[in-house]
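Student: This is the structure I want to talk about, given as structure tokens.
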Amino acid sequence: MGNVIGIGAAPKRKEDQRFLTGRGNYVADIKRPGMTAGVFVRSPHGHAVIRGINKSAALAAPGVVAVLTGDDVAADKLGSLPCGWGITDAKGVPMKEPPYPMLAQGKVRFVGDIVAFVVAETPEQASAAAELLTVDYEVLPSVVGVLDAVGPGAPQLFDDVPNNICCDWELGDKAAVETAFKKAAHVAKLSLVNNRLIGNPMEPRAAIAEYEPGTDRYTLWTTSQFPHVVRFLMGALVLNIPQHKLRVVAPDVGGGFGVKQFHYGEEAVITWAAKRVRRPIKWVASRSEGYVSDRHGRDHVTEAELALDETGKFLAFRVKTLANMGGYLSTFGPNIPTNLYGPLLGGVYTTPAIYCNVKVVFTNTVPVDAYRGAGRPEATFVLERIVDVAAAEMGIDRVEIRRRNMIPKEAYPYQTPVLVQYDSGDPVGCLDGALVAADVKNFGARKAASASRGKFRGLGYSTYVEACGLAPSRFAGRLGARGGLYESATVRVHPTGQVTVLIGTHNHGQGHETTFAQIVSDRLGVAFENVDIVFGDTDRVQFGMGTYGSRSLVVGGAALSKAADKVIVKGKKIAAHLLEAAEVDIQFEAGKFSVAGTDRTKTFEEIAGAAYVPHDYPLEVLEPGLEEQAYYDPVNFTYPGGCHIAEVEVDPETGTVTLVNYTAVDDVGTVINPMIVEGQLHGGIVQGVGQALYENAVYDEGSGQLLSGSLMDYCMPRADHLPMMTVATHSTLCTHTPMGVKGCGEVGTIGSPAAVINAVVDALSHLGVTHVDMPATPNRIWRLLQNASLPVAAE
Amino acid sequence: MKPFAYHQPGQIPEAAKLLISVEDAKILAGGMTLLPTLKQRLANPPALIDLSKLGNLKGITDEGATITIGAMTPHAVVAASKLVQTKLPALAALASMIGDPAVRNRGTIGGSVANNDPAADYPAGVLGLGATVITSTREITADKFFRGLFETALEPNEIITAIRFPLPLKAGYAKFKAPASRYALVGVFVAKFADGVRVAVTGAGPGVFRVPPMEAALSQNFDPSAIAAIKIDTDGLTSDIHAEADYRAHLVTVMAKRAVDAALT
Ligand SMILES: Cc1cc2nc3c(=O)[nH]c(=O)nc-3n(C[C@H](O)[C@H](O)[C@H](O)COP(=O)(O)OP(=O)(O)OC[C@H]3O[C@@H](n4cnc5c(N)ncnc54)[C@H](O)[C@@H]3O)c2cc1C
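Same order as they appear, the protein sequences are chains A and H. For the first sequence, the numbering used here assigns the number 1 to the initial residue and increments by one for each residue that follows. For the second sequence, the numbering used here assigns the number 1001 to the initial residue and increments by one for each residue that follows.
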């Protein structure tokens, strides 16, 4: 028998056995009898009227089974792709919510917008037929940037959305902020761009749909982070399929980062088409297709102002942002730059007054939605950048100005002026830990060494907090969520004492099969190897909201912990009967039920056996079986945070920025598996470094073509871009989650961009550089140095 | 990918004949450039003529004053060749900087030179060294071979069989990798011969080109300082989302200095 491997241990990941030996089961691996192939025909234009579509040549092509367009969708009276959040402006007016048809109707609004679906016997035949479809477009001018989109004379995407503004959202006490600015000794100002990103999960999106006429049931296999939500949104709101007739399966999924946490038109089209053709259909996106159809992230243009008193204390913070939504509202779209952005602008500081205005804007680009961090990296970047600007302008050390404004550990719980209340934290402790771990003391010597080689060295800080564990349903509902944000778990104890967990979150790289098994092993005292975690199938798992927003452990793990508690409660009742003791006298510890103060015990296995072979069992008061379910809805967000310190070296001759050291000391609450937390931190930091130095989605003005539409043009961070990182935790326990956990999936991505850019600016500050937009590419740095006041000499 | 006929001839004349007999037939070498275009349905040749069974196209020979590399020799073999490392280390270094291990194991010198991608590395080496391209029908000097964006002197039915490199006194290659593709954003090959210096630039423009003012300056004084002040005209240089023309022009000087440095160490 194996061992208990509990909370705090670092076993190797259970799931890696199958992944590393090529035995994963991804959507693209699945074959169904009689399966056909589907190909989506996408708009080659950023903005155009569809005058007509001629299907005849495509229909006549060899092997073609069906060709479907927006007219077929309209004829079947199908619903629009729903948005899960309805935000309102300052006056309470709801956001503009134009329909998002699953196949374009009348107009296309971005390159990649789906125009038709071609089904054929083979993928090659479907691709060949797709090329024969003739679409008569009247091409219109495109608008791709937010500043242009709200400007006079801009192309209008929707007739009833003036100036392309979906919502003019605000948060905070505008008057209090204005008053504070009047009293300020200093006002720091900063204009910045938060660059558009493309998630690029390793596995491209894919789907298979099948309809069984005998039972009138549909099955959709899809690369999703939240199959139950897809079942609800697609079944109830788009295709009118009763929930009990629809099964959604998200098997092994090769990375998501948010890209797979939306209900996509492709899912609805393929499910609808499968019934029409009465055969299973498979679609697997190519990488190029992913670039123009996977939801993008970020894309803000922001102006920020920070008011300070003469000692550098923050008095008020004012932020105005234009946020790009792309061509339509995606599942979480309008929630990201508003509710997940404004409430984070307090950071770890005691700023008493904050006002934030966000104009959410439509453009002829791929819809923008959540991407790892989602709103919080953008907020952190604005705040942590302007703190550096203020420090430089006022001649205060960057660490010192942060210290002066940080919320002291004793002040928690801390109510910010922007809705959220932090339950716990220790920003000063994280900062102090990071200063030591990063050997800041000796930075001067390292800088001098770089200078002797003609290189500029810089150090950058980011002391940040985020809100995750999405989310308290009541709170989210007030902010505009149209669904709940709880999680569910079932602990199924088998007659032999092994355990199957059925949980509503979805594992696509995070190591849930390991972490959750550790929780059960810890709680129930069963061997780690005797616990399996099941997820990703609406026919097997009761319900779930899925995995995103660092919620799996915080919300799903909490549900699991509650369900395990219920198993113990029931187990005690059974034990009390079998041991002829009062229930209150039964103790459960290390996998054994015992009568307090005696040596009478029953093992967990014995109790499980008795539950299913109830020969001597309290049937009068207890049902047989040992399986418990819990739903958990958090009372608050969790607030992980920490301090990240980046150290860079700039080659002034070429403008190349090299990240030479990276240190992160994070408060993620209780750590279940330190190896997995470290891995999440590493991955998250790399994605943030990617945003800061390499990644950039670039559209051509006017035509709306995506210029960075391949891995040859969109630069993902690679192993040789990165130094070995120093990652540590300095945890305070969350006061309201069952295990004290806070979540760690996004912290790396949230903390790192500001740290890296602050380091780049520091390296160049002697030349008068005060800000660098992301990504800090060699060309951009070289250009800055060309324009900088001092000559650049480096031989 | 659309269907195509596949031929694997054993002799060069047979390959050349096939190439003429099927209109739009394409030579397949390592496939690193050709296959992605087929997969994306950008090219749809009716037939592929695979050169991999032409054994005499693979390998490196030492002729004393020259080295000849067979067209089908993969980049990894050139990079690891003791002969090239000893007699022409700059070329071994260039080959080792191409793409990633998979690309270097499949991609060939003949394919790279025939394709003449404006950001490929080999064209800089071939032009910088004044090498000779040997084909199924003739020999073409590097100066005559490269004709700008994906254009070469090759006739439609001509097959590159080998490249012959003269041995310089000193040579160096410096590459500034495009961050995403890792092709050359700017790559400069510098070679010093008894009768003068050649400087060839890839990545910066629509095709590989030489820089006469740098060649003249380095022929006088083979030292980075000799060219530090030489600026390249931005006219005709490439401007795209990765780098603007004036930045590329600046990098030519920087990389040329570094190539000279590499040649001197
Ligand atoms: C991910 C990736 C990264 C890369 N990075 C780099 C890089 O950093 N630097 C770089 O220089 N290159 C790079 N390449 C290109 C690589 O070097 C290719 O191998 C090369 O350009 C083509 O060689 P091949 O043997 O694969 O030719 P193929 O793809 O087989 O053929 C290319 C073209 O040349 C023709 N052809 C091939 N052989 C001959 C011949 N003997 N005679 C006449 N015509 C011929 C073919 O018909 C075809 O048109 C990269 C490629 C990839 C996929």
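By construction, the Cβ of each residue, glycine as well, lies at the ideal position given by its N, Cα and C atoms.
So with Cβ pairs under 8 angstroms, would you call Ala1180 of chain H a contact of chain A?
Tutor: Mapped onto the second sequence, residue 1180 of chain H falls at position 180. Chain A contact via Cβ: present.
Student: What are the partner residues of Phe1146 of chain H, as DSSP defines its beta bridges?
Tutor: For this step, residue 1146 of chain H is matched to residue 146 along the second sequence. According to DSSP, Phe1146 of chain H bridges with H:Thr1152.
Student: Buried or exposed for Asp1117 of chain H, please, with buried defined as at least 16 other CB atoms from any protein chain shown within 10 angstroms of its CB.
Tutor: Taking the second sequence and counting its residues from 1, one reaches residue 1117 of chain H at position 117. Asp1117 of chain H is buried by the Cβ-count criterion.
Student: Is it buried or exposed, Ser1225 of chain H, if we count other Cβ atoms within 10 angstroms and call 16 or more buried?
Tutor: To locate residue 1225 of chain H, count along the second sequence from 1; it is residue 225. Ser1225 of chain H comes out exposed.
Student: Note down the Cα distance separating Ala794 of chain A from Thr656 of chain A, rounded to an integer number of angstroms.
Tutor: If you number the first sequence from 1, residue 794 of chain A lands on position 794. If you number the first sequence from 1, residue 656 of chain A lands on position 656. Note that Ala794 of chain A scores a pLDDT of 41, beneath 50, so its modelled location is shaky; the value from the coordinates is reported in the next line. Roughly 13 angstroms separates the two Cα atoms.
Student: List, in chain order, every chain H residue whose beta-carbon is nearer than 7 angstroms to that of Leu711 of chain A.
Tutor: For the purposes of this step, residue 711 of chain A is taken as residue 711 along the first sequence, with counting starting at 1. Going along chain H in sequence order, the residues near Leu711 of chain A (Cβ under 7 angstroms) are Ala1180.
Student: Assess, as a yes-or-no matter, whether the segment 1143–1153 of chain H is touched by the segment 1227–1237 of chain H under the definition of 3 or more beta carbon pairs within less than 8 angstroms.
Tutor: No: the two stretches stay apart, fewer than three of their Cβ pairs being nearer than 8 angstroms.
Student: What residues are listed by DSSP as bridge partners for Gly433 of chain A?
Tutor: Against the first sequence, residue 433 of chain A aligns to sequence position 433. According to DSSP, which records beta bridges pairwise, Gly433 of chain A is partnered with nothing at all.
Student: For a minimum of 3 consecutive residues, which ranges assigned as the beta strand (DSSP E) are wholly contained in the segment 466–549 of chain A?
Tutor: DSSP runs (the beta strand (DSSP E)) wholly in the segment 466–549 of chain A: 487–493, 499–503, 531–534.
Student: Note down, in chain order, all residues in the segment 1229–1247 of chain H with a beta-carbon under 9 angstroms from any beta-carbon belonging to chain A.
Tutor: Per Cβ criterion, the list reads Asp1240, Ile1241, His1242, Ala1243, Glu1244, Asp1246, Tyr1247.
Student: Between the segment 762–792 of chain A and chain H, which residues of the former have a C-beta closer than 8 angstroms to a C-beta of the latter?
Tutor: Result list: Thr777, Pro778, Asn779, Trp782, Arg783.
Student: What do you reckon, is the C-beta of Tyr1183 of chain H under 7 angstroms from a heavy atom of ligand 1?
Tutor: As a first step, residue 1183 of chain H must be located in the second sequence, where it is residue number 183. Yes.
Student: Below 8 angstroms on the Cβ atoms is my contact criterion, and I expect Val499 of chain A with Gly641 of chain A to pass it. Report the Cβ-Cβ distance as a whole number of Å.
Tutor: The sequence position of residue 499 of chain A within the first sequence is 499, counting from 1. The sequence position of residue 641 of chain A within the first sequence is 641, counting from 1. At roughly 34 angstroms, the Cβ-Cβ gap does not stay under 8 angstroms, so Val499 of chain A and Gly641 of chain A are not in contact.
Student: How close, in whole Å, do the beta carbons of Val249 of chain A and Pro227 of chain A come, if the pair is a contact with beta carbons under 8 angstroms?
Tutor: Residue 249 of chain A sits at position 249 when you count from the first residue of the first sequence. Residue 227 of chain A sits at position 227 when you count from the first residue of the first sequence. 6 angstroms between Cβ atoms; contact.
Student: Output the distance between the C-alpha atoms of Phe158 of chain A and Pro242 of chain A, rounded to the nearest integer angstrom.
Tutor: As a working note, residue 158 of chain A is residue 158 in the first sequence. As a working note, residue 242 of chain A is residue 242 in the first sequence. If you take the alpha carbons of Phe158 of chain A and Pro242 of chain A, they lie about 32 angstroms apart.
Student: Roughly how many angstroms separate the alpha carbons of Arg372 of chain A and Met202 of chain A, rounded to a whole number?
Tutor: Taking the first residue of the first sequence as 1, we reach residue 372 of chain A at position 372. Taking the first residue of the first sequence as 1, we reach residue 202 of chain A at position 202. Distance between the alpha carbons of Arg372 of chain A and Met202 of chain A is about 15 angstroms.
Student: Where are the alpha helix (DSSP H) runs, 4 residues long or more, that stay fully inside the segment 615–685 of chain A, in chain order?
Tutor: Listed in chain order, nothing qualifies, since the segment 615–685 of chain A has no complete alpha helix (DSSP H) run of 4 or more residues.
Student: Please indicate yes or no: does the CB of Thr223 of chain A lie closer than 7 angstroms to some heavy atom of ligand 1?
Tutor: Taking the first residue of the first sequence as position 1, residue 223 of chain A is located at position 223. Because no heavy atom of ligand 1 lies under 7 angstroms away, the Cβ of Thr223 of chain A does not count as near it: no.
Student: With distances taken Cα to Cα, identify the nearest neighbour of Ala1174 of chain H among H:Pro1212, H:Glu1155, H:Asp1121, H:Phe1222.
Tutor: Working through the second sequence from its first residue, we reach residue 1174 of chain H at position 174. Nearest of H:Pro1212, H:Glu1155, H:Asp1121, H:Phe1222 to Ala1174 of chain H, Cα basis: H:Asp1121.
Student: For Arg1041 of chain H, would you say it is in contact with chain A, using Cβ-to-Cβ distances shorter than 8 angstroms as the test?
Tutor: Position 41 of the second sequence, counted from the start, is the residue given in the question as residue 1041 of chain H. Chain A, which has a Cβ nearer than 8 angstroms to the Cβ of Arg1041 of chain H, makes this yes.
Student: Quick check on DSSP: helix, strand or coil for His296 of chain A?
Tutor: As a position in the first sequence, residue 296 of chain A is number 296, starting the count at 1. Strand at His296 of chain A.
Student: Classify Ser488 of chain A as buried or exposed, calling it buried when 16 or more other Cβ atoms lie within 10 Å of its own Cβ.
Tutor: Within the first sequence, residue 488 of chain A is the residue found at index 488, counting from 1. That one is buried.
Student: Report yes if the CB atom of Ala307 of chain A is closer than 8 angstroms to the CB atom of Ala391 of chain A, and no otherwise.
Tutor: Here residue 307 of chain A refers to the residue found at position 307 when the first sequence is read from its first residue. Here residue 391 of chain A refers to the residue found at position 391 when the first sequence is read from its first residue. Not in contact: Ala307 of chain A and Ala391 of chain A (Cβ atoms no closer than 8 angstroms).
Student: Checking contacts by CB at 8 angstroms: is Leu1302 of chain H closer than that to chain A?
Tutor: Residue numbering for chain H in the displayed model covers 1001 to 1265; residue 1302 of chain H lies beyond these limits and cannot be assessed.
Student: Does any heavy atom of ligand 1 sit closer than 7 angstroms to the C-beta of His682 of chain A?
Tutor: If you number the first sequence from 1, residue 682 of chain A lands on position 682. No.
Student: Looking at the structure shown, is Asn696 of chain A part of a helix, part of a strand, or coil, going by DSSP?
Tutor: By 1-based counting over the first sequence, the position of residue 696 of chain A is 696. In this structure, Asn696 of chain A counts as coil in the three-state DSSP scheme.
Student: What's the gap between the Cα of Trp85 of chain A and the Cα of Ala481 of chain A?
Tutor: In the first sequence, residue 85 of chain A corresponds to position 85, counting from 1. In the first sequence, residue 481 of chain A corresponds to position 481, counting from 1. Cα to Cα, Trp85 of chain A sits roughly 5 angstroms from Ala481 of chain A.
Student: Where does the unbroken alpha helix (DSSP H) through Ile757 of chain A begin, and where does it stop?
Tutor: Taking the first sequence and counting its residues from 1, one reaches residue 757 of chain A at position 757. 747–764 is the span of the alpha helix (DSSP H), which, as asked, contains Ile757 of chain A.
Student: Counting pairs of Cβ atoms below 8 angstroms between the segment 33–41 of chain A and the segment 282–292 of chain A, do you hit three or more?
Tutor: The segment 33–41 of chain A vs the segment 282–292 of chain A: in contact.
Student: Grab the span of the alpha helix (DSSP H) containing Gly255 of chain A for me, first residue to last.
Tutor: Position 255 of the first sequence, counting from 1, holds the residue named residue 255 of chain A. Careful: Gly255 of chain A lies outside any alpha helix (DSSP H) and carries neither H nor E.
Student: Would you tell me roughly how many angstroms separate the C-alpha atoms of Val792 of chain A and Arg1258 of chain H, rounded to the nearest one?
Tutor: Mapped onto the first sequence, residue 792 of chain A falls at position 792. Mapped onto the second sequence, residue 1258 of chain H falls at position 258. Summary for Val792 of chain A: the model assigns pLDDT 47, below 50, so the residue's position carries little reliability, and this model does not support an answer.
Student: How about Tyr548 of chain A and Leu459 of chain A: are their beta carbons less than 8 angstroms apart?
Tutor: As a working mapping, residue 548 of chain A is identified with position 548 in the first sequence. As a working mapping, residue 459 of chain A is identified with position 459 in the first sequence. No, they are not a contact pair.
Student: Is Thr1234 of chain H near Ala1243 of chain H, with beta carbons less than 8 angstroms apart?
Tutor: Sequence index remark: in the second sequence, residue 1234 of chain H carries index 234 (1-based). Sequence index remark: in the second sequence, residue 1243 of chain H carries index 243 (1-based). No; because the gap between Cβ atoms is not below 8 angstroms, this pair is not in contact.
Student: Which residues in chain H sit within 7 angstroms of Thr654 of chain A, going by Cβ to Cβ distance?
Tutor: Walking along the first sequence from the start, residue 654 of chain A turns up at place 654. Under the 7 angstroms cutoff, chain H gives Phe1176, Leu1251, Val1254.
Student: Compile a chain-ordered list of the residues in the segment 695–728 of chain A whose CB is closer than 7 angstroms to at least one CB of chain H.
Tutor: Answer in chain order: Val698, Leu707, Ser708, Leu711, Met712, Asp713, Tyr714, Cys715.
Student: I believe Leu192 of chain A touches Asp773 of chain A by the beta-carbon criterion, under 8 angstroms. Please report the beta-carbon distance rounded to the nearest angstrom.
Tutor: Looking up residue 192 of chain A in the first sequence gives position 192. Looking up residue 773 of chain A in the first sequence gives position 773. The Cβ separation is near 6 angstroms, so the contact holds.
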